[in-house]
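Okay, so here's the structure we're looking at.
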Amino acid sequence: MKKLEAIIKPFKLEEVKEALTGVGAQGLTVTEVKGFGRQKGHTELYRGAEYTVDFLPKVKIEVVIKADIVEQAIEKITQAASTGNIGDGKIFVTSVEEVVRIRTGERGEEAI
Amino acid sequence: MRNIIKFTFFAALAGLFFDIAPALAEEEAPKIVGADTAWMLVASALVMLMVPGLALFYGGMDRGKNMLSTLLLSFITLGVITIQWVLFGYSLAFGSDIGGVIGDLSFFALNGVGLEPNGTIPHQLFMVFQMMFAILTPALISGAIVGRMKFSTFVVFILLWSTFVYDPLCHWVWGGGWMSGLGALDFAGGLVVHISSGVSALAACILLGKRRGYPAEPMPPHNLPLTLLGAGMLWFGWFGFNAGSELAADGVAASAFVVTQIAAGSAVLGWLLTEWTLKGKPTLLGAASGGVAGLVAITPASGFVGPISAIVIGLIAGGGCYMAVVAKNKFGYDDSLDVFAVHGIGGTIGALCTGLFATAAIGGTDGLFFGNPGQFTTQLISVAAAWAYSFGVTFIILKVLDAVMGLRVSEEDEVQGLDLSLHGERAYTL
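Just so you know, the sequences run in chain order U and Z.
The numbering of the first sequence is the working numbering, which starts it at 1 and goes up by one.
The numbering of the second sequence is the working numbering, which starts it at 113 and goes up by one.
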């Protein structure tokens, strides 16, 4: 089992969700996050005073899937989230030791 | 205010003819006029709405952790000053004149303030209309000291400030004091409300010091939609503020209403065009601030100037107040929500413009541009006096309060945010 954490542009959320359900993801978790990478921040203007805002709003998707569909999922997320511009985001892949479905007590891939 | 003068004049006239024509004298005795009373009841309620409007205007501009604290600093004046005004504030401002400086205590606890005519409206109605002004004015000051002042000290401060700054100034200009004797024009409170609060706000934020982290740490507004809603409520209420200051439902009230709208609209454009030109972007906060700046500037002029003058006054106020905000960043004092720049400078622009643009055709007095340069000098003197008095007395009050109660919250409370540390509640919960 693998966990994908994809940091994407907020307006791409719907397309990425559809791409993931398309490859067989059963559920996912979405968080509104802020951060910066190479894109850096932007400036804001309040009554003539300029502020540099370093942290840009992004959406983080967390999804746990079977190991055999990871490459397919990465490809679909990359396609859906890409605009070709700086700031499109990143995908982090990690291994997941165990999953438990709280209602039934099922474990492992059955519980995903 | 003109009506009081008018009726004093009528009373004198009646006295003159009393021996010859007693029947005529009886007819000229002040009577309550239904239309005037109805309008002033509405106008008083409109001015009251400006207090929660101001609270939202300020609250949205501050950080989220101080939202409730900022709202409360405005709202609390509805409690404290209502009682102060009823007990002795009204009497100090409008009681029988003592040496041109202050009213006596003849109206203590509204003794003698009944339903008899004052002008053409019941005396109590005049009292409550003026009460709303007395309530709004200290609330304006709060924008300069948000996020760091002790609530307890602020409550005592507004009580003392109303008693020693607002009530005397109100008496000088509207209660028969020395400024009205001088002929200073202030239709709805450029001197009494806006210069007094704006200049006092400057004194307050200098004495109190900067917010922790200012200006290195960004402190952007946390909810500008609420600020716009507040600005809209202020604008709406301001029709009662300015047109109500005629104290009658008549032509001058209509004229004041019209120029209020014109100057506010013009100042939206003045502020926006200035910032667009200098900083490259038109902002919503700029539009809201410009509207308020225009309303401030037209306040003293509203019963004295015509529509085209109002356009010019609005443009000057919009651009001028924006420049005053930018100047703050150079001087380095932390007038957190720009009370001095908008009300102090806006009120000054308005009071001086009244001396330029006033025309006898509307308010009975000409300004410099209509051939009466002396009026501008009078305005200049009254502005200088209002500045000096407000700054000086506010400074003394806060020095005393600093020694007795302390002005600032602890560093820990300030960092946590005043909503939780002082009031035990939060504006936004998950």
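Glycine residues also receive a C-beta, built at the ideal position from the N, C-alpha and C atoms.
Neighbours of Y434 (chain Z) across chain U, judged by C-beta separation under 9 Å: R47, G48.
Closer than 7 Å at the C-beta level to chain Z, one finds these residues of the segment 32 to 64 of chain U: E44, L45, Y46, R47, G48, A49, Y51. Per the coordinates, the alpha-carbon of W197 (chain Z) lies some 32 Å from the alpha-carbon of R323 (chain Z).
In this structure, the CA atom of A496 (chain Z) is about 14 Å from the CA atom of G467 (chain Z). In this structure, G406 (chain Z) places its C-beta atom within 8 Å of the C-beta atom of G430 (chain Z). Runs of the alpha helix (DSSP H) lying entirely within the segment 439 to 490 of chain Z, each at least 4 residues long, are 457 to 469, 472 to 475 in chain order. For secondary structure counted as the beta strand (DSSP E) over 3 or more consecutive residues, the segment 1 to 79 of chain U holds these complete runs in sequence order: 2 to 8, 29 to 35, 42 to 46, 49 to 53, 56 to 65. Taking 8 Å as the threshold, the shortest C-beta distance from L248 (chain Z) to chain U does not fall below it. Bridge partners of K90 (chain U) according to DSSP: U:I7. When the beta-carbon positions are compared, I112 (chain U) and K58 (chain U) stay at least 8 Å from each other.
Taking T386 (chain Z) as the centre and dropping the five residues before and after it, the same chain places the C-beta of G431, Y434 closer than 6 Å to its C-beta, in chain order.
As computed with DSSP, V100 (chain U) is found in a beta bridge with U:R107. Membership of T372 (chain Z) in the alpha helix (DSSP H) is indicated by the continuous run 363 to 391. V311 (chain Z) and I428 (chain Z) have their alpha carbons spaced roughly 19 Å apart. Ranked by Cα distance from L294 (chain Z), the first of Z:Q487, Z:S378, Z:A365 is Z:Q487. Between the C-alpha atoms of S357 (chain Z) and G289 (chain Z) there is a straight-line separation of about 18 Å.
Not one beta carbon of chain U lies nearer than 8 Å to the beta carbon of L346 (chain Z). U:L13 is the residue among U:K2, U:E110, U:L13, U:M1 whose C-alpha sits nearest the C-alpha of I61 (chain U).
In this chain, the alpha helix (DSSP H) harbouring A155 (chain Z) covers 146 to 173. As DSSP reads the structure, S95 (chain U) sits in a beta bridge with U:K2.
With respect to the 8 Å criterion, H306 (chain Z) and A205 (chain Z) are not classified as neighbours on the basis of their beta carbons. An exposed status is given to E97 (chain U), since fewer than 16 other beta-carbon atoms sit within 10 Å of its beta-carbon.
I420 (chain Z) and D531 (chain Z) have their C-alpha atoms spaced approximately 45 Å apart. Taking V277 (chain Z) as reference, the option from Z:T506, Z:S156, Z:N354 with the minimal CA-CA separation is Z:T506.
Per DSSP, M331 (chain Z) lies in no alpha helix (DSSP H) and is assigned neither H nor E.
A direct Cα-to-Cα measurement between G321 (chain Z) and K262 (chain Z) gives close to 13 Å. Judged by DSSP in its simplified three-state form, D525 (chain Z) adopts helix.
A straight-line Cα-Cα distance of about 14 Å links A366 (chain Z) and A413 (chain Z).
Note that the C-beta distance between L396 (chain Z) and L449 (chain Z) is not below 8 Å.
For A313 (chain Z), the enclosing alpha helix (DSSP H) starts and ends at 308 to 320. Here D209 (chain Z) is bridged, per DSSP, to Z:G215. Not a single C-beta of chain U is nearer than 8 Å to the C-beta of P142 (chain Z). The C-beta distance from A73 (chain U) to V30 (chain U) rounds to 16 Å, too long to fall under 8 Å, and the pair is not in contact. Counting only residues of its own chain and dropping the five nearest sequence neighbours on each side, E523 (chain Z) has a CB closer than 8 Å to the CB of R324.
The continuous stretches of alpha helix (DSSP H) do not include G231 (chain Z), and DSSP gives it neither H nor E.
For I193 (chain Z), the enclosing alpha helix (DSSP H) has its first and last residue at 179 to 196.
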